[in-house]
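Okay, so here's the structure we're looking at.
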Amino acid sequence: MEPKPSENARAGLPRCYRHPEVETGVRCTRCEKPICPACMVSASVGFQCPDCVRNGSGTGHAADANQPRTLAGGRVAADDRLVTKILIGINLAVYLAVLVFGDRLVDELVLIGYAYSPALGELVGVADGEWYRLLTSTVLHQEVWHILFNVLGLWVIGGIVEPELGRIRYAALCLLSGLSGSVLAYLVAAQNQPSLGASGVVYGLIGAWVVLARRRRHDMRPVILFVALSLLMTFTRPGISWEAHVGGLVAGVVVTYALVHAPRARRDLVQYGALALVLLLDVGIVLARTATLT
Numbered sequence: 001m002e003p004k005p006s007e008n009a010r011a012g013l014p015r016c017y018r019h020p021e022v023e024t025g026v027r028c029t030r031c032e033k034p035i036c037p038a039c040m041v042s043a044s045v046g047f048q049c050p051d052c053v054r055n056g057s058g059t060g061h062a063a064d065a066n067q068p069r070t071l072a073g074g075r076v077a078a079d080d081r082l083v084t085k086i087l088i089g090i091n092l093a094v095y096l097a098v099l100v101f102g103d104r105l106v107d108e109l110v111l112i113g114y115a116y117s118p119a120l121g122e123l124v125g126v127a128d129g130e131w132y133r134l135l136t137s138t139v140l141h142q143e144v145w146h147i148l149f150n151v152l153g154l155w156v157i158g159g160i161v162e163p164e165l166g167r168i169r170y171a172a173l174c175l176l177s178g179l180s181g182s183v184l185a186y187l188v189a190a191q192n193q194p195s196l197g198a199s200g201v202v203y204g205l206i207g208a209w210v211v212l213a214r215r216r217r218h219d220m221r222p223v224i225l226f227v228a229l230s231l232l233m234t235f236t237r238p239g240i241s242w243e244a245h246v247g248g249l250v251a252g253v254v255v256t257y258a259l260v261h262a263p264r265a266r267r268d269l270v271q272y273g274a275l276a277l278v279l280l281l282d283v284g285i286v287l288a289r290t291a292t293l294t
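This is the structure:
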């Protein structure tokens, strides 16, 4: 059971050294740094911080026997932006490939439902069996401003979300957000309308940020303002695939809510079950849309 500081001790409480926004009355029994419930690791006496646990100090176990956990139950990693860096690297690598190989590569990877491609001289699209376009389009960019905007969003918002979820859960969130954005675009947009970019993933991270901020009881006003401005840009700027943005945002909210609110006793079952349900829903929508186009 997580300890709770008394009501009389709340005033002037120190803040967790890893989560400065959280007040706490508990300190690491070894180094005496203040730690919040998310950072507490049970020791033979009291609780220790993640740093002391990593060094194998005082818990009575090996350093990896009692690993500190993120808010969603993932392992606390030394590099808490590793997946974000890899994702940014993939986007930049694909952008450089587009610069080298030109528009033909875009024609082969962009999301499109079902249409004749003059450049390729054939029918193309997800409905033609090219399901990979649902994912390749999420790392594809043509214009400098587009990739810069999305890479900045991945770095800033991903840097907030990844440490809270852990690498595996964060990677699953990014994958399902990007996929869900593509699926909604495939379902709603015209079958010959191309779509590309990491915006679905970015908006999935925005949705995750909303859930995490509420879970941490942060001031929601700046978060809501940011989301409102983002949606305003989505629906007022020409040439924006609002379907990808909305699909990613909804998936981000749903997935993150399941990850951070899953009961500890059944955490893995609830979390991975929710991820599987979102994936199955996406697959079902793709199958249904494909049937109508073919």
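Just so it is clear: in the sequence shown, position 44 is 44 by our numbering, and no numbers are missing. The beta carbon of each residue, even a glycine, is placed where N, CA and C say it ideally should be. These numbers were taken from a predicted model, which means no experiment stands behind them.
Going by other Cβ atoms of all chains shown within 10 Å of its Cβ, with 16 needed for buried, is tryptophan 209 buried or exposed? The residue is buried, with at least 16 neighbouring Cβ atoms inside 10 Å.
Ignore the nearest five residues each way along the sequence and tell me which others in aspartate 128's own chain have a CB closer than 7 Å to its CB. Tyr114
Can you tell me the Cα-Cα spacing of aspartate 79 and alanine 119, whole angstroms? 43 Å
Put serine 42 into one of helix, strand or coil per three-state DSSP. strand
Provide the residue(s) that pair with valine 117 in DSSP beta bridges, ordered along the chain. Sequence inspection shows serine at residue 117; the valine mentioned does not correspond to that position. In DSSP, serine 117 forms a bridge with Glu122.
Residues of its chain near leucine 105, where Cβ-Cβ distance is below 8 Å and the 5 sequence neighbours each way are ignored: Ala97, Val98
Would you kindly work out how many angstroms separate the C-alpha atoms of histidine 61 and valine 41, rounded to a whole number? Confidence in histidine 61 is poor, its pLDDT being 49 and thus under 50, which makes the residue's placement too unreliable to answer from.
Buried or exposed for valine 283, going by 16 or more other Cβ atoms inside 10 Å? exposed
By the three-class DSSP mapping on this structure, what secondary structure does glutamate 23 have? strand
Taking 7 Å as the threshold (C-beta atoms), are glutamate 243 and alanine 301 in contact? For the chain, the structure presents residues 1 to 294; residue 301 sits outside this window and is missing.
Roughly how many whole angstroms lie between the Cα atoms of glycine 73 and histidine 261? Rounded to whole angstroms, glycine 73 and histidine 261 show a C-alpha spacing of 10 Å.
Suppose you measure from the CA of glycine 12 to the CA of threonine 70; what does that come to, to the nearest Å? Computed Cα separation, rounded: 26 Å.
Evaluate proline 222 with the Cβ neighbour count: other Cβ atoms within 10 Å of its Cβ, from every protein chain shown; 16 or more gives buried, anything less gives exposed. exposed
Please specify which runs of the alpha helix (DSSP H), each continuous and at least 4 residues long, are wholly inside the segment 219-267, giving them in chain order. 221-236, 242-261
Return the Cβ separation of serine 195 and serine 241 in integer angstroms, given the expectation that the two are a contact with Cβ distance under 8 Å. 4 Å
Helix or strand or just coil, what does DSSP make of glutamine 271? Helix.
Reduced DSSP category for aspartate 64 - H, G, I as helix; E, B as strand; rest coil: Only weak support exists for where aspartate 64 lies, its pLDDT of 49 falling under 50; the coordinates are left without a value.
Look at the alpha carbon of cysteine 49 and the alpha carbon of leucine 184, and state the distance between them as a whole number of angstroms. 43 Å
Sorted by chain position, which residues of the same chain lie with C-beta nearer than 7 Å to proline 163's C-beta, five sequence neighbours on each side aside? Thr70, Asp80, listed in sequence order.
Got a sec, what are the start and stop residues for the alpha helix (DSSP H) isoleucine 90 sits in? 82-101
If you draw a straight line from the C-alpha of tryptophan 77 to the C-alpha of cysteine 39, how long is it? According to the sequence displayed, residue 77 carries alanine and not tryptophan. Rounded to the nearest angstrom, the two C-alpha atoms are 13 Å apart.
For leucine 13, the three-state DSSP class (helix, strand or coil): Coil at leucine 13, not helix or strand.
Grouping DSSP H, G and I as helix and E and B as strand, with all else coil, what is arginine 30? In the displayed model, arginine 30 falls within coil according to three-state DSSP, outside both helix and strand.
If I measure Cβ to Cβ from proline 68 and keep anything under 7 Å in the same chain, skipping five residues before and after, which residues do I get? Counting only Cβ-Cβ distances below 7 Å, and skipping sequence neighbours, we find Cys39, Val41, Pro50, Val53, Val76.
Could you tell me which uninterrupted alpha helix (DSSP H) segments, each at least 4 residues in length, are contained entirely in the segment 119-164, listed from first to last along the chain? 133-136
Leucine 135 versus glycine 178 - alpha carbon distance: Rounded to the nearest angstrom, the two C-alpha atoms are 7 Å apart.
Using the rule of at least 16 other Cβ atoms within 10 Å of the residue's Cβ for burial, across every protein chain shown, is leucine 173 buried or exposed? buried
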